[in-house]
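With numbering that gives the first Met the number 0, letter number 82 in the sequence shown gets 81, and the count goes up by one each step, no holes. For every residue, glycine included, the Cβ atom is placed at its ideal position computed from N, Cα and C.
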Amino acid sequence: MGIIVWCVLFAIVIFFAFVATRMAAQNREDGLHDTGLAIIEFGRAFPNEAIRQLQATENGQAIFVRLHDDKAGFMRNMSRHFACHLIEPGRVRVVSSETGRGLVIDFLDAPHHNGGFEFASPKEAAEVSLWLLGNYIAESDKDLPSGSISAANKQ
């Protein structure tokens with residue numbers, strides 16, 4: 000009778016180990032494809048920032064965030080938590096990847112997040128680069144001097 004109890008207990012432990020490894024593998028695969036989770040986590044990190052748009056990478060491990068005042072943010076799945084930060088103007092460098100569907104980004108304030116980020120299409124990569132480009136321009140540089148006439152206004 001004692002051996003049967005130990006066999007049943009052993010089978011239960013094996014079953015729970017199997018379920019736990021399957022759940023861990025599923026969490027690893029899911030990443031940040033769930034935009035609702037991304038909104039909640041970024042909102043928790045930066046409660047005073049209003050999110051305008053999200054763009055996930057192809058593998059779902061990173062999300063770029065466009066904020067209400069043309070600022071940009073970034074979220075990365077770090078397996079057990081999500082790293083979120085605001086991208087300060089002029090504190091990021093962006094180059095197109097070799098595939099044309101991605102960006103190679105250097106975060107000057109967070110170098111551990113540097114790397115290549117591939118998107119589902121070149122259009123998505125271009126859109127994120129425009130968010131970051133808008134983030135490059137300082138507020139003082141956005142206004143033209145009053146005496147200058149731009150090429151678009153010349154007739």
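Partner residues in the beta bridge of D105, as assigned by DSSP, are R92. Secondary structure at G114: strand, using DSSP grouped into helix, strand and coil. The straight-line gap separating the alpha-carbon atoms of K122 and L85 is approximately 23 Å.
One Cα belongs to F116, the other to G35, and the distance between them is close to 21 Å. Contact check for R51 against H112 fails: the beta carbons are separated by 8 Å or more. Annotation for F81: the continuous beta strand (DSSP E) segment containing it runs 81–86.
When the beta-carbon positions are compared, A49 and H67 come within less than 8 Å of each other. With respect to V127, F63 sits close: the two C-beta atoms are nearer than 8 Å. Comparing alpha carbon positions, the residue from F81, A125, H80 closest to V94 is A125.
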